[in-house]
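Just so we're aligned, residue 38 is where the sequence shown starts under my numbering, counting upward by one.
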Amino acid sequence: MFKRFSPLLFFFVTVLVILGLSLFGPEEQSLGSNVRIVYLHGAWVLAAEVAFAAAALVGLLALILRRERLHQWSAALGRTGIVFWLTYLPLSLWAMQANWNGLFLAEPRFRLALTFAIVGTLMQVGLWLVNLNWATSLANLVFFVVLRMVFATAANVMHPPPSPIFNSGLWNIIIFFVLLNVFAWLAAYFLTRWFLMLKAAN
């Protein structure tokens, strides 16, 4: 029954569920209800990173096993990752404005995120135009490795380690954030399926 519907429809339905859930997230003592934007922004960027990681892993397997289908999955996951990464940036700005009454555009991790958004978008467009499976898988692998290496050494100003949510000891917040992440990953899955469907149609 559900096969008649486009994965893009399920993607948007899942996004609406995520937005609805975000409205009822548990408040926090310091940030109050504005912390809900932080939950959403956190889940969204993690979904992007999971998609990038999956694109890299599947790309590596595709290069080793030389499987056409794995190359296609790597390409679709890479495109999903950049869509989530690009849309996470305005969420980040919204979280800054709502919680700290201003935009700290010089924040190291935001500047790096913006740089990777530009580079990643140009890379994905270029890979789509070139349309070489092995190049796409290799590029997705290199992109993720570089991204993780750069962010591992980046200064933390507004993103204090370790995770404030998972180290809060507040189980209602932790469970809610995990649930939000699950739905974000589900949305990423549907978007990936749509990219795969586009590839099959061409």
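Note that the Cβ used here is the ideal one computed from N, Cα and C, for glycine as well.
The beta carbon of A84 sits closer than 6 Å to the beta carbons of F121, A221, W222, A225 from its chain, once the five residues preceding and following it are set aside; these are given in chain order.
A direct Cα-Cα distance of roughly 13 Å separates H78 from A150. Going by beta carbons, S111 and N177 fall inside the 7 Å limit.
Rounded to the nearest whole angstrom, the CA to CA distance from L184 to W165 is 20 Å. Distances from the CA of F214 to each of L102, F47, V50, L58 were compared; the closest alpha carbon is that of L58. Cβ contact annotation for L97 (same chain, cutoff 8 Å, sequence separation greater than five): S174, L178, in chain order.
Note that the C-beta distance between L114 and T229 is below 7 Å. In terms of Cα proximity to Q134, the closest of I74, R104, I210 is I74.
In the three-state DSSP reduction, S43 falls in the coil class, being neither helix nor strand. Nearest C-alpha to W208 among W171, V50, E105, P63: P63. Distance check between F147 and each of L233, G118, V187 places V187 closest, using alpha-carbon atoms only. Between F61 and the set L235, L216, K236, the nearest pair of CA atoms involves L216.
Contact check for F48 against F227 passes: the beta carbons are separated by less than 7 Å. The C-beta distance from F89 to F180 rounds to 7 Å, short enough to meet the 8 Å contact threshold.
For I155, the enclosing alpha helix (DSSP H) has its first and last residue at 145-167.
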